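Chemist: Sharing a structure below in structure tokens format, with a few things to ask.
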Amino acid sequence: MSAHTDTDPAIRYLAVTFDCSDPAELARFYSEALNLPITLSTDGFVLLGREGSPGLGFYRLDDYRPPSRSDLSVPKQAHLELGVDDLDTAQARLIALGAVVADVQPLPGRRRILLDPAGHPFCITL
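Written out as structure tokens, the structure reads:
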């Protein structure tokens, strides 16, 4: 395991993102429950938060099924979003630490999907 140095590229915790069928509706719920404003909204993604603080994201998944404690074939559906200044540099650093690049990359110029050493997906985002 390598130690962090001041020359390492900046990687910031941005958000936890929840898969869902209706990002706007789920964001409305959490926005009202937690008094968090919407900071970004598209048809398929909504982000709640405050400037300079981590937030909550909600991502549309067309075949979304709610997680179930009794049916283990439908696991929890959330992942970390990490903010980076440079996708290529951050990706290389995370791979060196043990991450692997996921097979599917819908927005590789803005966001990369990686898998941690245990196989959990997470994203690095500009």
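The opening residue of the sequence shown carries number 1 in our numbering; numbering runs sequentially from there.
Note that the Cβ used here is the ideal one computed from N, Cα and C, for glycine as well.
Just so it is clear, the structure is predicted and the values come from calculations on it, not from any experiment.
1) Tell me which residues share the same chain as proline 121 and place their Cβ nearer than 8 Å to its Cβ, disregarding the 5 neighbours each side in the sequence.
2) Can you tell me the Cβ-Cβ gap for glutamine 91 and isoleucine 124, rounded? I've got them flagged as a contact below 8 Å.
3) Taking Cβ positions, are leucine 48 and leucine 36 nearer each other than 9 Å?
4) Within the same chain, show all residues whose beta-carbon is closer than 6 Å to that of arginine 65, passing over the 5 residues directly before and after it, in chain order.
5) Looking at C-alpha atoms only, which residue of Glu51, Leu34 and Arg28 is the closest neighbour of phenylalanine 45?
6) For proline 121, report the span of its alpha helix (DSSP H) as first-last.
7) Assign proline 23 to buried or exposed, taking buried as 16 or more other Cβ atoms, counted over all protein chains shown, within 10 Å of its Cβ.
8) Please classify glutamate 81: is it buried, with 16 or more other beta-carbons within 10 angstroms of its beta-carbon, or exposed?
Modeler: So, to answer that:
1) Locating residue 121 in the sequence shown gives position 121, where the first residue counts as 1. Closer than 8 Å at the Cβ level, and outside the excluded window around proline 121, lie His79, Ala102, Ile113, Leu114 and Leu115.
2) To locate residue 91, count along the sequence shown from 1; it is residue 91. To locate residue 124, count along the sequence shown from 1; it is residue 124. Between isoleucine 124 and glutamine 91 the Cβ distance is about 6 Å, and since that is below 8 Å, they are a contact.
3) Within the sequence shown, the letter at position 48 stands for residue 48. Within the sequence shown, the letter at position 36 stands for residue 36. Cβ distance < 9 Å, so leucine 48 and leucine 36 count as in contact.
4) Position 65 of the sequence shown holds residue 65. Same-chain partners within the cutoff: Val74.
5) As a working note, residue 45 is residue 45 in the sequence shown. That would be Arg28, whose Cα lies nearest to the Cα of phenylalanine 45.
6) For the purposes of this step, residue 121 is identified with residue 121 of the sequence shown, where counting begins at 1. Counting along the chain, proline 121 falls outside any alpha helix (DSSP H), though it belongs to the beta strand (DSSP E) covering 121-125.
7) Within the sequence shown, the letter at position 23 stands for residue 23. Buried: at least 16 other Cβ atoms inside 10 Å.
8) One-based indexing of the sequence shown puts residue 81 at position 81. Classification of glutamate 81: buried, given that the 10 Å Cβ count is 16 or more.
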